[in-house]
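Working notes, structure below.
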Amino acid sequence: MSRDALVFTSPVDDARAWRDALAAELPDLDFRVDPEIGDPADIRYALAWLPPQGFFARFPNLQLVTNLGAGVDALVRRDDLVPVKFSRLSDPGMVAMMTSYIVFAVTRYARDIPVFERAKARGAWDYVHPRALSQIKVAVLGLGELGGPAARMLATMGFTVSGWSRSPKDIAGVASHTGRAGLERVLAENEIIVSLLPLTPSSRGLLGEAEFALMPTGAKFINASRGAVVVEAALIAALRSGQVGEATLDVFDTEPLPQGHPLWSLDNVLITPHMASITVPALAARDVAESIRRVRAGLPPLHEVDPGRGY
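So the sequence shown is residues 17 to 327, counted in my numbering.
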């Protein structure tokens with residue numbers, strides 16, 4: 017009799033931690049780590065982050081792919097997957113991490129911290145009088161599983177917050193906008209712009225030369241979603257001209273960001289290595305296990321993804 021097995025693959029996640037966390041939830045699940053997969057026909061489930069090309073073609077009985085993260089763009093565009101159910105992770109730890117990153121990045125600009133960082137390098141006491149947070153307008157692009165909580169927290173802190181999303185959202189303290197006209201409005205009316213957009217066919221390259229030109233001169237831009245949402249050359253040009261005054265970037269077209277890339281040399285850019293939000297196995301395993309239980313019962317998994325929509 018074949019085993020009910022899951023295959024795990026990730027260049028960055030801890031396989032042992034996931035094995036232990038899932039064993040506590042599903043003791044009968046056979047957890048296998050690529051490349052030690054045993055009989056490929058046993059594999060019913062995959063827990064994956066950035067699997068190599070052709071990875072899924074080996075598993076004829078695959079039923080569910082769970083992405084080790086919130087962004088599933090790299091999975092839905094693959095050519096080695098037969099029709100299966102997709103789910104993404106959405107655990108409280110991931111949401112809290114992303115919210116903390118966005119709060120950090122927005123507050124750093126709101127309190128003029130880059131000014132003081134440069135002043136210290138010069139040995140200068142540069143005083144900038146703080147503004148009330150309510151005077152600082154922040155836009156969050158993408159109000160989904162990660163963007164919604166981040167926008168809500170910023171509003172709770174006292175920032176004036178607008179949001180833009182595919183469909184209207186009802187979030188306390190956050191003005192909701194949709195459509196092209198809504199996007200242009202939030203870009204033009206806010207001094208700090210945060211991208212938490214999923215990467216979909218409609219969002220790829222959404223923020224380019226025209227969109228950066230709409231922002232107030234000297235606007236601050238934060239991207240913790242996907243690099244390909246932005247036209248990188250247009251962002252670099254805007255940062256060099258001062259149209260975009262500062263940027264905090266956690267994601268890029270090519271990762272790791274190559275040595276010699278123009279972004280490394282811009283002193284108005286803070287670069288972090290795609291770590292704004294990570295998954296904590298002990299917190300997320302419960303959802304993964306519940307999705308497997310549901311698929312076993314012929315039901316949809318938790319946090320199911322529509323491949324055609326991209327999220």
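Note that the Cβ used here is the ideal one computed from N, Cα and C, for glycine as well.
Small disclaimer: the values here were computed from a predicted structure and weren't measured.
What residue range does the beta strand (DSSP E) around residue i cover?
{"i": "Trp-180", "result": "176 to 180"}
{"i": "Gly-261", "result": "260 to 265"}
{"i": "Leu-21", "result": "The question names Leu, yet the displayed sequence has Ala at residue 21. Start and end: 21 to 25."}
{"i": "Lys-136", "result": "Here Lys-136 belongs to no beta strand (DSSP E); instead the alpha helix (DSSP H) covers 129 to 138."}
What does the Cβ neighbour count give for residue i, buried or exposed, with the cut at 16 atoms within 10 Å?
{"i": "Met-291", "result": "exposed"}
{"i": "Tyr-328", "result": "Here the chain covers residues 17 to 327 and nothing more, so residue 328 does not appear."}
{"i": "Trp-180", "result": "buried"}
{"i": "His-193", "result": "buried"}
{"i": "Ala-148", "result": "exposed"}
{"i": "Ser-293", "result": "buried"}
{"i": "Glu-52", "result": "exposed"}
{"i": "Met-17", "result": "Unreliable placement is indicated for Met-17, whose pLDDT of 41 sits below 50; the coordinate value is still reported in the next sentence. It counts as exposed."}
{"i": "Ser-241", "result": "buried"}
{"i": "Gly-195", "result": "exposed"}
{"i": "Glu-207", "result": "buried"}
{"i": "Ser-183", "result": "exposed"}
Give the single residue among the options whose Cα lies nearest to the Cα of residue i.
{"i": "Ala-135", "options": "Asp-283, Ala-171, Asp-29", "result": "Asp-283"}
{"i": "Pro-56", "options": "Pro-76, Leu-251, Val-177, Phe-268", "result": "Pro-76"}
{"i": "Lys-185", "options": "Glu-200, Val-202, Gly-158, Leu-203", "result": "Gly-158"}
{"i": "Asn-239", "options": "Pro-289, Leu-42, Asp-30", "result": "Pro-289"}
{"i": "Val-119", "options": "Val-88, Met-169, Ile-152", "result": "Met-169"}
{"i": "Asn-83", "options": "Ala-140, Gly-234, Ser-307", "result": "Ser-307"}
{"i": "Leu-318", "options": "Leu-80, Ala-64, Trp-65, Phe-47", "result": "Leu-80"}
Locate the alpha helix (DSSP H) running through residue i, then write down its first and last residues.
{"i": "Lys-101", "result": "Segment 101 to 104 is the beta strand (DSSP E) holding Lys-101; no alpha helix (DSSP H) there."}
{"i": "Ile-118", "result": "108 to 126"}
{"i": "Phe-228", "result": "225 to 230"}
What does the alpha-carbon distance come out to for the pair residue i and residue j?
{"i": "Ser-218", "j": "Val-247", "result": "13 Å"}
{"i": "Ser-211", "j": "Arg-19", "result": "43 Å"}
{"i": "Gly-54", "j": "Phe-71", "result": "14 Å"}
{"i": "Arg-90", "j": "Phe-102", "result": "As written in the sequence, residue 90 is Ala, which differs from the Arg given in the question. Their Cα atoms are separated by approximately 12 Å."}
{"i": "Ala-229", "j": "Asp-96", "result": "40 Å"}
{"i": "Gly-198", "j": "Pro-232", "result": "16 Å"}
Give every residue of the same chain whose Cβ lies closer than 7 Å to the Cβ of residue i, excluding the five residues on either side of it in the sequence, and list them in chain order.
{"i": "Ala-340", "result": "Look at the range of the chain in this structure, 17 to 327, and you will see that residue 340 is not part of it."}
{"i": "Pro-146", "result": "Arg-127"}
Short of 8 Å in beta carbon distance, which residues of its chain neighbour residue i, apart from the five on each side in sequence? Order them along the chain.
{"i": "Ala-40", "result": "Ala-301"}
Ordered along the chain, which non-local residues of its own chain (more than five positions away) have a Cβ less than 6 Å from that of residue i?
{"i": "Arg-104", "result": "Asn-83, Ala-86, Val-88, His-319, Val-321"}
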